[in-house]
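Student:
Encoded structure:
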């Protein structure tokens, strides 16, 4: 069984059992998915497979990373970290786009924090040129503003913003103008 097939099987298992309270079962599947996504992301010839699988897996991994159970959150965080770090070698723009699309005012604060803490790791994603996501970055601040206005979990959102905004603002300041931020 190749890496892609293993990742797809692990994702199917996680989707079928994401509400299960059995963290040991989730841990094995999430670990496999994270390792396989990381391996696909670290290969320059697997861009399409990595992007498609990450797009499908991100909501499931973020759901695990925002679970009420600390054990399940840990499992989700570890798998998400492996998937994201593997992808930054060759596919950082795709990884950032997928994660930014998961930031939504309808999600809980843990979900938003998990996604927000993994985007913009490195400034290269904002430079002008092919494969860069300046337009998505410009849409991030209106999303964050809407989240702050509509959330009931203000302390958690403020903590997530406090920990991540300096990094994001530094990257944005280097490659965008005030007029570009809508």
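In the numbering used here, the protein residues as written are 961 to 1142.
Quick reminder that beta carbons are idealized off the backbone N, C-alpha and C, glycines included.
Keep in mind it's a predicted model, so treat the numbers as computed, not measured.
How many angstroms separate the CA atom of residue 1052 from the CA atom of residue 1112?
Tutor: The alpha-carbon atoms of residue 1052 and residue 1112 are separated by roughly 32 Å.
Student: For the pair the stretch 997 to 1013 and the stretch 976 to 985, tell me if three or more CB-CB distances fall below 8 Å.
Tutor: The stretch 997 to 1013 vs the stretch 976 to 985: no contact.
Student: Is the beta carbon of residue 1032 closer than 8 Å to that of residue 1021?
Tutor: No. Outside cutoff.
Student: Less than 8 Å between CB atoms is the rule here; does residue 990 satisfy it with respect to chain B?
Tutor: No chain B appears in the structure shown, which is made up of a single protein chain.
Student: In whole angstroms, give me the CA-to-CA distance for residue 1124 and residue 1116.
Tutor: Going by the C-alpha atoms only, they are around 12 Å apart.
Student: Judging by CA-CA distance, which residue of 1067, 992 and 1048 is the nearest neighbour of residue 962?
Tutor: Nearest of 1067, 992 and 1048 to residue 962, Cα basis: 992.
Student: How many angstroms separate the CA atom of residue 1118 from the CA atom of residue 1012?
Tutor: Taking the straight line from one Cα to the other gives about 32 Å.
Student: As a quick exercise: from 1076, 970 and 1037, pick the residue whose alpha carbon is nearest that of residue 1058.
Tutor: With distances taken between Cα atoms, residue 1058 lies closest to 1076.
Student: Buried or exposed for residue 1129, please, with buried defined as at least 16 other CB atoms from any protein chain shown within 10 angstroms of its CB.
Tutor: Exposed, since its Cβ has fewer than 16 Cβ neighbours within 10 Å.
Student: When the Cα atoms are used, what is the spatial distance from residue 1062 to residue 1035?
Tutor: In a straight line, the C-alpha of residue 1062 is about 19 Å away from that of residue 1035.
Student: For residue 975 and residue 1105, what's the separation of their Cα atoms in angstroms?
Tutor: When rounded, the distance between both Cα atoms is 31 Å.
Student: In or out: residue 971 buried (at least 16 other Cβ within 10 Å) or exposed?
Tutor: The residue is buried, with at least 16 neighbouring Cβ atoms inside 10 Å.
Student: Once DSSP output is grouped into helix, strand and coil, what is the label at residue 1005?
Tutor: Correct three-state label for residue 1005: helix.
Student: Tell me the DSSP secondary structure of residue 1083 in three-state form.
Tutor: Residue confidence for residue 1083 is low, a pLDDT of 49 falling below 50, so the modelled location carries little weight; the figure read from the coordinates is stated next. Residue 1083: coil per DSSP, three-state reduction.
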